[in-house]
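If you read the sequence shown in the numbering used here, its first letter stands for residue 2, the second for the next number, and so on. Report on the following structure.
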Amino acid sequence: INDEGDLFWYRHDGFADGSSNWAKSTGTNIGHGWNFKQVFSGGNGIIYAINDEGDLFWYRHDGFADGSSNWAKSTGTNIGHGWNFKQVFSTGTGTIYAINNNNDLLWYQHNGYNNGTVSWAFNEGKKVGNSWDVKLIFP
2 INDEGDLFWY RHDGFADGSS NWAKSTGTNI GHGWNFKQVF SGGNGIIYAI NDEGDLFWYR
62 HDGFADGSSN WAKSTGTNIG HGWNFKQVFS TGTGTIYAIN NNNDLLWYQH NGYNNGTVSW
122 AFNEGKKVGN SWDVKLIFP
């Protein structure tokens with residue numbers, strides 16, 4: 002995502018051997034208006050984004066394998082409120098972790114991760130850890 006809010010697609014085909022091989026359409030602009038506080042992958046084309054107000058949005062990039070700008074019809078769905086966390090990341094298949102201001106690690110399960118429905122395993126995050134005072138974290 003650049004400073005103008007444009008989203009670009011990249012695929013490093015040399016990830017297995019460390020070569021500098023990249024997909025032909027690497028660097029393709031696939032979206033505009035990505036002016037969010039935080040954006041993170043949910044795996045397999047799922048992208049979550051949190052705006053400045055703490056709303057969580059769901060996107061599914063159906064062109065994630067080839068860089069085409071194909072998106073699911075329900076993309077951009079608001080699926081939650083109150084996502085005012087220090088850091089948020091996903092390990093895929095709807096599992097989302099968040100670190101709150103007390104450095105607690107919270108676990109969420111978005112059951113609607115594949116189609117963008119507002120379906121959660123629980124109404125709130127489950128505390129699964131504490132003392133997560135880290136600068137940056139990713140799966």
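Glycine included, each C-beta is placed from N, C-alpha and C at the ideal position.
Would the beta-carbon of residue i fall within 7 angstroms of that of residue j?
i	j	result
G55	W35	no
T76	P140	no
L57	G19	no
D4	H33	no
Which residues in the same chain have their Cβ closer than 6 angstroms to the Cβ of residue i, if we skip the five residues on either side of it in sequence?
i	result
N45	none
N131	D105
T78	W59, G117
G68	W10, S26, T29
S120	N112, G113
I2	L8, W35
In chain order, what residues of the same chain lie with their CB nearer than 7 angstroms to the CB of residue i, ignoring the 5 residues before and after it?
i	result
F37	A50, I51, N52
A122	Q110, N112
F41	Y49, V89, F90, S91
G126	A99, L107, W108, Y109
Going along the chain, which residues of its own chain have a beta-carbon closer than 8 angstroms to the beta-carbon of residue i, five neighbours each way excluded?
i	result
G64	W10, I31, G46, S70, N71, W72
I100	F86, K87, Q88, V89, L106, L107, W133, V135, I138
W23	Y11, R12, H13, D14, G15
Using the DSSP secondary-structure output, state which residues sit across from residue i in a beta bridge.
i	result
W108	Y98, K127
W84	According to DSSP, which records beta bridges pairwise, W84 is partnered with nothing at all.
W121	H111
N103	According to DSSP, which records beta bridges pairwise, N103 is partnered with nothing at all.
S91	I97
L8	G32
N79	F58
W133	Bridge partners of W133: none, in fact.
Please determine if the region 110 to 124 and the region 91 to 101 are in contact, where contact requires at least 3 C-beta pairs separated by less than 8 angstroms.
-> yes
Taking only runs of the beta strand (DSSP E) that begin and end inside the region 15 to 67, which ones reach a length of at least 3 residues, in chain order?
-> Assignment of beta strand (DSSP E) within the region 15 to 67, counting only whole runs of 3 or more residues, yields 29 to 32, 39 to 44, 47 to 51, 57 to 61 in chain order.
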